[in-house]
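*Asks:*
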Amino acid sequence: MPYRQLPLVDDEIYHIYNRAFNRQTVFIDRSYYSRAISSLNLYRHLINIKYAFFKTHLPKTQKKIIEEKIPLIEIIAYCFMPNHFHLLVKQIHEQGIVKSVGKFSTSYAKYFNTRRNKKGPVFEGRFKAVLIESNEQLLHVSRYIHLNPYSASLIKMNEIKDYSYSSIGDYLGVSKNPISDPEMVLNQFKSGKNYLEFVTDNADYQQNLQRIKKQLLDAEE
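Okay, structure coming up:
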């Protein structure tokens, strides 16, 4: 695996991104997305059990298992798309991002290949990481992540709030099982509704889109 030039440091925030191998669709329907979000929730903690074993427990027991484990990362925002995913995370444990994203990717790849009767890589080799260096960048990346389904023409602008495979529901307080902690972003707005208005401010968003895309391309080099 190629050497990662950008060091991943504790207490720093990063925009993490990876796409499917050959840009194939790997998140196919609700069941695939749900599996991805659930396994990400598990592996954001320091844990050595396999997801398949974890799922044999009742939901109440699953919650207890997770609550007793040390978190590796804090998820500030996320979005899963048909052939890629975005995470906005803070590393809170040494090698936390590498461990959590690595275990998540391996677990999901096994699930996908087994279910589709396939072999070979599911995601591209290593994930990309961009350091968040300012509060302005934090806010705009969170918006970029939540706007991804709209930018890809999967949904209309007024449907962003209902997209089930991102953390937008956590921001609006409507998620049944939130896995992100949006406080760092939401504290800068009067309410979740005000944040949603910020997200859907398309004119301002367009001013920052190209800069964010360039950072992602730079991270791939």
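Note that UniProt numbering has the sequence shown beginning at 1, numbered continuously upward. Just so you know, even glycine gets a beta-carbon here, dropped at the ideal spot from N, CA and C. Since the model is a prediction, treat every value here as computed from it, not as a measurement.
What residues are listed by DSSP as bridge partners for SER166?
*Replies:* The beta-bridge partner set that DSSP reports for SER166 consists of CYS79.
*Asks:* Please give the ranges of any alpha helix (DSSP H) in the region 70-130, keeping only runs that are unbroken, at least 4 residues long and fully inside the region.
*Replies:* With a minimum length of 4 residues, the continuous alpha helix (DSSP H) runs that stay inside the region 70-130 are 96-116.
*Asks:* Per DSSP, ARG19 forms a beta bridge with which residues?
*Replies:* HIS84
*Asks:* Just curious, the alpha helix (DSSP H) that GLN137 is in, first and last residue?
*Replies:* 135-151
*Asks:* So, are the CB atoms of ASN18 and PHE112 less than 9 angstroms apart?
*Replies:* no
*Asks:* Taking the continuous alpha helix (DSSP H) assigned at SER39, which residues delimit it?
*Replies:* 30-43
*Asks:* Can you have a look at GLU68 and say buried or exposed, based on whether 16 or more other CB atoms are within 10 angstroms of its CB?
*Replies:* exposed
*Asks:* List the DSSP bridge partners of ILE155.
*Replies:* DSSP lists no partner for ILE155.
*Asks:* With 16 other CB atoms within 10 Å as the buried threshold, where does ILE49 fall?
*Replies:* exposed
*Asks:* Would HIS146 pass as a contact of SER175 if the rule is Cβ separation under 9 angstroms?
*Replies:* no
*Asks:* Could you pull the DSSP bridge partners for ILE13 from this structure?
*Replies:* Under DSSP, ILE13 shares a beta bridge with LYS90.
*Asks:* Using a Cβ-Cβ cutoff of less than 7 angstroms, which residues in the same chain neighbour ASN148 once the five nearest sequence positions on both sides are dropped?
*Replies:* CYS79, MET81 and HIS86
*Asks:* Buried or exposed, going by whether 16 or more other CB atoms sit within 10 Å of the CB of VAL199?
*Replies:* Its Cβ being crowded by 16 or more others within 10 Å, VAL199 is buried.
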